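Peer 1: What follows is a single structure, and I will ask about it in a moment.
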Amino acid sequence: MNATLIKPDIYWVGAIDWAVRDFHGYMTPNGTTYNNYLILDEKITLLDTVKHDFSEIMLDNVSQLIHPSKIEYVIINHIENDHATSLDRIMAFAPNATIYITEKGKKGIARFFDISSWNIKTVKTGDVLNIGKRNLLFIETPMLHWPDSMMTYLKEDKILISQDGFGQHLATSARFDDEFIECASISELEDSVIDYYANILMPFGNIIKNKVAEIQKLGLEIEMIAPDHGIIWRRDPGKVLNMYMDMATGKSNLSVAVIYDTMWHSTEMMTLPLMRGIREEGVDCKVIKLRATPMSIAIKEFWKARGALIGTPTLNNKMFPSVAEFLQHVAGLRPKDRITGAFGSYGWGGGAVKEAYEWLKAMKLQTVEPGVEALYRPAPEDDQKCYEFGKEFARKVKEYHAQFK
Ligand code: FEO
C-alpha cells in the first residue's frame with residue numbers, strides 16, 4: 015500500500031497487517047493496520063511509527079515522499095510495541111530529529127532503546143508545537159490505554175491523531191470510513207469499534223467519559239479523527255465520539271448472552287430451555303460456546319448484551335477450565351452495568367455454579383440467584399426450571415436495562 019494523502023501535505027505512511035490473528039492474545043480475525051502519518055511542512059514531522067516487523071514498509075512509504083533523513087520532528091503518541099518499535103529505524107536515518115513525547119513515554123522508550131544520543135522533548139496537555147504553517151496541540155490521555163498515551167491535534171487541519179483511541183483492528187485497503195462503508199458496511203465498522211473497545215478499553219470507561227468531555231470542552235473543531243489502527247474517520251467523526259460516550263456511560267443492547275462450555279452436552283442442553291424462557295419475555299438472546307469461540311469474540315458478545323448467563327459443568331468441584339479462563343479475562347476488564355446469572359450440570363457434589371457466582375459478585379456485577387443446576391443429564395423438570403429461570407432472568411434484565419435510558 016502506498017503513502018496515501020489524507021489532507022494537503024499530510025499522508026498516511028503506515029502498514030496493513032492482513033495476517034495477524036493473535037494480537038498479544040487478542041484474536042484479530044480481520045487483521046489490523048499500524049497507522050502513522052507524515053506532514054510535509056517547514057519542519058517535516060512524523061507522527062508515530064509502526065510495529066517493527068513492518069518498518070521497511072513504513073520507510074518505503076516515507077521514501078515515496080521525502081528521504082527519511084529529512085524528518086526533523088517525530089511525535090510519539092504511544093510507546094506500545096505496535097507503534098513505537100520502529101523508532102530506532104527512523105532515528106538511524108534522522109539522528110538529529112527531535113522526539114516529542116510525554117514524560118512517561120520518555121521513561122518507557124528508554125526501556126526499549128538506547129536513547130542517550132537522542133534529542134527528546136517532553137510535552138504535556140496544552141503544549142503547542144509550531145512546524146511551519148501548522149500548530150500541533152498535545153493532549154495527554156493517560157490510561158487510554160497506557161500511562162504514556164497522548165493524542166495530537168492538528169489545529170489548522172482540524173485533525174485529531176488519536177493513537178489507539180477510536181481505532182479498530184481491521185485490515186482493509188480502505189483508508190477512510192466512507193470508503194470502507196462503500197465496499198463493506200457500516201455495521202461491520204461499528205462492530206469493529208465495539209470489539210476494540212470491549213477487549214482493550216472496557217476498564218477505562220470513566221476515564222474515556224471524562225476525556226471525551228474534556229476534548230468537547232476544549233471546543234476543538236474535529237473534521238477528521240485519524241487513529242493508529244483501522245480506518246480514518248472523515249465522513250462522520252462525531253459518530254465514533256458518540257459511540258465511545260455511549261459505551262463509557264453503560265449503553266448496551268437489551269439482550270442476553272448465554273456463554274457456556276460443556277463436557278458431555280448436559281450444560282449445553284440447558285441453554286435451549288433458557289433461551290426459550292428469555293425469548294418468551296421478548297428479550298433477544300445469543301448462545302456462545304466458549305471452546306468454539308475465540309476469547310475476544312466471547313468478550314465482545316458479553317459486552318454487547320445487558321445480561322449474561324454463564325454456564326459451566328463441574329469438574330473436580332470447580333468451574334470448567336474454559337469458563338474459568340473466560341471469567342478471568344472478564345474480571346481483568348472490570349465490566350460495569352451488566353446483570354448476570356449462572357447455570358450448569360454436575361455429576362457428584364457440584365460446586366461450579368456456586369464458584370461462578372462468587373466470581374461474578376467479586377466483579378461487583380448484579381446477579382440473579384439462585385441459578386439452575388442439573389444432576390448428570392437434564393430431566394424434563396430441569397428443562398422447566400431452566401425455562402422459568404430464563405424468564406425470570408429476562409424480566410430482571412429488562413428492569414435493570416430501564417435504568418440506562
Ligand atoms: Fe495499538 Fe496500545 O497499542
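Taken in order, the sequence shown gives residues 15 to 419; the numbers are from the numbering used here.
Built from N, CA and C at the ideal position, the CB exists for glycine as well.
Source: prediction; values computed, not measured.
Reducing DSSP to helix, strand and coil, say where W26 ends up.
Peer 2: Strand, per DSSP.
Peer 1: So L281 is in the alpha helix (DSSP H); what residue range does that whole segment cover?
Peer 2: It should be pointed out that residue 281 corresponds to Thr in this sequence rather than to Leu. Looking at the DSSP string, the run of the alpha helix (DSSP H) that includes T281 is 280-294.
Peer 1: Of all residues in the structure, which have a C-beta closer than 5 Å to any heavy atom of ligand 1, taken in chain order?
Peer 2: So the residues near ligand 1 by this Cβ test are E94, D96, D178.
Peer 1: Compute the beta-carbon to beta-carbon distance between S359 and T281, rounded to the nearest angstrom, for a pair I have assumed lies under 8 Å.
Peer 2: Right, their Cβ atoms sit about 5 Å apart.
Peer 1: Taking M261 as part of the alpha helix (DSSP H), name the residues at either end of that continuous run.
Peer 2: Its alpha helix (DSSP H) spans residues 251-262.
Peer 1: Which residues does DSSP pair with S247 in a beta bridge?
Peer 2: With the sequence shown as reference, residue 247 is identified as Trp, and Ser is not the correct amino acid for it. Paired residue(s): I239.
Peer 1: Is it the case that the Cβ atoms of F68 and D102 are separated by a distance below 8 Å?
Peer 2: For F68 and D102, no; Cβs fall outside 8 Å.
Peer 1: Using the three-state DSSP reduction, which class does I93 fall into: helix, strand or coil?
Peer 2: Coil, per DSSP.
Peer 1: Check each candidate in N144, D96, R125 and name the one with the smallest Cα separation from Y114.
Peer 2: Looking at the Cα atoms, N144 is the closest of the given residues.
Peer 1: Take every Cβ of the stretch 266-274, pair it with every Cβ of the stretch 229-241, and state whether three or more of those distances are shorter than 8 Å.
Peer 2: Verdict: no, contact absent.
Peer 1: Using a Cβ-Cβ cutoff of less than 6 Å, which residues in the same chain neighbour G45 once the five nearest sequence positions on both sides are dropped?
Peer 2: So the list reads D31, W32, V34, A185, once near-sequence residues are dropped.
Peer 1: Using three-state DSSP, classify G404 as helix, strand or coil.
Peer 2: Residue state, collapsed to three classes: helix.
Peer 1: If we count the other Cβ atoms within 10 Å of its Cβ and call it buried at 16 or more, is P109 buried or exposed?
Peer 2: So P109 ends up on the exposed side.
Peer 1: Would you list the residues sitting across from M333 in a DSSP beta bridge?
Peer 2: In DSSP, M333 forms a bridge with T328.
Peer 1: Can you pull the DSSP bridge partners for E369?
Peer 2: In the DSSP output, where bridge partners are listed per residue, E369 has none listed.
Peer 1: Please classify A408 as buried or exposed, where buried requires at least 16 other C-beta atoms within 10 Å of its C-beta.
Peer 2: Buried.
Peer 1: Tell me the rounded alpha-carbon separation between L268 and V367.
Peer 2: For L268 and V367, the distance between alpha carbons rounds to 24 Å.
Peer 1: Please look up how many angstroms separate the CB atoms of N75 and V27, rounded, as I've assumed it's under 8 Å.
Peer 2: Yes, they are in contact, since the Cβ atoms of N75 and V27 sit about 4 Å apart, within 8 Å.
Peer 1: What's the C-alpha gap between P327 and F334?
Peer 2: Their backbone Cα atoms lie some 6 Å apart in a straight line.
Peer 1: Could you tell me whether the stretch 307-316 touches the stretch 329-344, where touching means 3 or more Cβ pairs closer than 8 Å?
Peer 2: Touching, yes.
Peer 1: Could you tell me which residues DSSP puts in a beta bridge with S269?
Peer 2: According to DSSP, S269 bridges with D298.
Peer 1: Can you check whether the CB of G181 is closer than 8 Å to the CB of D12?
Peer 2: What the structure shows of the chain is the stretch from 15 to 419, and residue 12 is not part of that stretch, so it cannot be assessed.
Peer 1: In terms of residues, what are the limits of the alpha helix (DSSP H) holding I194?
Peer 2: The displayed chain sequence assigns Phe, not Ile, to residue 194. F194 -> alpha helix (DSSP H) spans 191-197.
Peer 1: Whose CA, out of W132, K410, P287, E369, lies closest to the CA of A393?
Peer 2: Ranking the options by Cα distance to A393, first place goes to P287.
Peer 1: Note the first and the last residue of the continuous beta strand (DSSP E) segment covering G355.
Peer 2: Per DSSP, G355 belongs to the beta strand (DSSP E) from 353-360.
Peer 1: From what residue to what residue does the alpha helix (DSSP H) around L9 run?
Peer 2: Given a span of 15 to 419 for the chain in the structure shown, any question on residue 9 remains unanswerable.
Peer 1: Mind checking which residues open and close the alpha helix (DSSP H) that includes K120?
Peer 2: Where K120 is concerned, the enclosing alpha helix (DSSP H) stretches over 117-123.
Peer 1: Classify N213 as buried or exposed, calling it buried when 16 or more other Cβ atoms lie within 10 Å of its own Cβ.
Peer 2: Label assigned to N213: buried.
Peer 1: Quick check on N133: buried or exposed, where buried means 16 or more other Cβ atoms within 10 Å of its Cβ?
Peer 2: Exposed: under 16 other Cβ atoms inside 10 Å.
Peer 1: In angstroms, rounded to a whole number, what distance separates the CA positions of D421 and D192?
Peer 2: Only positions 15 to 419 of the chain appear in the structure, and residue 421 is not among them; the question remains open.
Peer 1: Comparing alpha-carbon positions, which option in D205, D396, K172, W317 lies nearest M283?
Peer 2: When each option's Cα is compared against that of M283, the closest is D396.
Peer 1: Short of 6 Å in beta carbon distance, which residues of its chain neighbour F403, apart from the five on each side in sequence? Order them along the chain.
Peer 2: Cβ neighbours of F403 beyond the five flanking positions: V386.
Peer 1: Between M238 and K169, is the Cβ-Cβ spacing less than 8 Å?
Peer 2: No, the Cβ-Cβ distance between M238 and K169 is not below 8 Å.
Peer 1: Strictly by DSSP, which residues pair up with D128?
Peer 2: DSSP output for D128 lists no bridge partner at all.
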